[in-house]
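The next block holds one structure in the form of structure tokens; read it before the comments.
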Ligand SMILES: Cc1ncc(COP(=O)(O)O)c(C=O)c1O
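Encoded structure:
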């Protein structure tokens, strides 16, 4: 039987030996001579603002993803904001957003004085429940932020059919899902436009950064205005420095683009390694009582950006507060050296900025947009709440340069904890901690 010696060990949080030795899990992203040479060439190139690497990076990312156009930004959030504005979203419009995502999947809506309306998630995929979209549409609904969470694409056939029927624009939040596919099409290339993030944790990393993606010329032009001071000429053209519309400063810089370009050359290889590692982890965890493993529905290609596991509280016989047990389990997993983490503990409607309905002061934008009755009561999103209270993730051990041996070792460590789950007493492990 595999892992026998480890499972009989005492768990580390109760004084046993950690199952994963220090230093076994290598850090992300791997840096090699390609990165060094390209970044140094940019440094020596003398063009440090929006330069030739930026231009090349946006063309290369768009080509890699199957989009006609890309615009390199300083964050994924900027690209989302640009997407909404390019799609014509403005003051008072309602925009549908999944109840569980990164905060800026929803705050980007407020950035343009529009109003986020949340839709509960589907427990199995952790993405927006596409069967609940239509019920959330109001006469003011203009767009959907279609988030592909954790490396698993949303069912875009359903989303686009609903969008067509109700004349909605679809901005894909592919910030976590570079390379995720749905029936062969890539995240960010299925809606009207999309956004990538290149923050360090992402599968394509440039430190910080992002990309707006689209096939539409008008959408590209609309996004470009917001991106660079409301101007209509790009920094590589002969600028007239005239603000034709409200603009931000969302441009990326050349050094960052050089790093991103170097990483892009390796991205397909990284994603293959990640899937192989996810398979090795899954093989260790399949059938372990108390674990609900991530799914890859028919027609999907999951990148396992986050390998998200939920704890089945019934199966482990825990009747107390689910989040309290999850926090204790997390501590036990971390003590084993697994680098287990919890990505996002709060559902979006529970976040203060939405609950208080006050982003810019004086209740703005809800008050002046006559949107005080939009309901953010977290109780309306029970599936998102259940997920948020019970999940943990294995992320970095599955990233290159780690291989299946590391993933297997981490899997054994998770099993070790779940084999002894009865010994995990949140009162003892967490004490007064909340
Ligand atoms: C789903 C999702 N949307 C948006 C973002 C925002 O990206 P950035 O941090 O590059 O602004 C992130 C990541 O941070 C994300 O995970």
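Residue numbers (my numbering): 130 to 563.
C-beta: ideal position from N, C-alpha, C; glycine also.
Cβ separation of residue i and residue j, assumed to be a contact under 8 angstroms, to the nearest whole Å
i, j, result
"residue 341", "residue 199", "7 angstroms"
"residue 386", "residue 182", "4 angstroms"
"residue 402", "residue 195", "Not really, about 22 angstroms apart at Cβ, beyond 8 angstroms."
"residue 168", "residue 388", "5 angstroms"
"residue 324", "residue 209", "5 angstroms"
"residue 322", "residue 243", "Contact flag wrong, Cβ pair sits at about 16 angstroms."
Helix, strand or coil at residue i according to DSSP, with G and I counted as helix
i, result
"residue 272", "strand"
"residue 279", "helix"
"residue 130", "In this predicted model, residue 130 has a pLDDT of only 45, less than 50, meaning its place in the structure is not dependable enough to derive any value."
"residue 314", "strand"
"residue 569", "Nothing about residue 569 can be read from this structure; the chain reaches only from 130 to 563."
"residue 223", "strand"
"residue 340", "strand"
"residue 202", "strand"
"residue 257", "strand"
"residue 186", "helix"
"residue 297", "coil"
"residue 162", "helix"
Cβ neighbour criterion (16 or more within 10 Å) applied to residue i
i, result
"residue 139", "exposed"
"residue 227", "buried"
"residue 296", "exposed"
"residue 302", "buried"
"residue 163", "exposed"
"residue 536", "buried"
"residue 426", "exposed"
"residue 505", "buried"
"residue 557", "exposed"
"residue 211", "buried"
"residue 192", "exposed"
7 angstroms Cβ shell around residue i - same chain, five flanking residues per side excluded
i, result
"residue 474", "517"
"residue 468", "154, 525, 526"
"residue 552", "140, 143"
"residue 147", "141, 464, 465, 466"
Residues of its chain near residue i, where Cβ-Cβ distance is below 8 angstroms and the 5 sequence neighbours each way are ignored
i, result
"residue 133", "Here the model assigns residue 133 a pLDDT of 49, short of 50, so the residue's position is not dependable, and the following value carries that caveat. Excluding positions up to five away in sequence, the list is empty."
"residue 185", "386, 390"
"residue 310", "282, 316, 429, 430"
"residue 246", "223, 224, 225, 226, 265, 267, 270, 503"
"residue 459", "469, 470, 471, 521"
"residue 259", "251, 283, 284, 287, 288, 291"
"residue 422", "411, 414, 415, 438"
Cβ shell of residue i (< 6 angstroms), same chain only, five flanking positions each side left out
i, result
"residue 446", "none"
"residue 501", "495"
is_contact[residue i, chain C] using C-beta, thresh 7 angstroms
i, result
"residue 408", "Included in the structure is just one protein chain, with no chain C present."
Length at least 4, wholly inside the region 353-418: the alpha helix (DSSP H) runs in chain order: 383-414
Unbroken stretches of the beta strand (DSSP E), 3 residues or longer, contained in the region 422-475: 436-440
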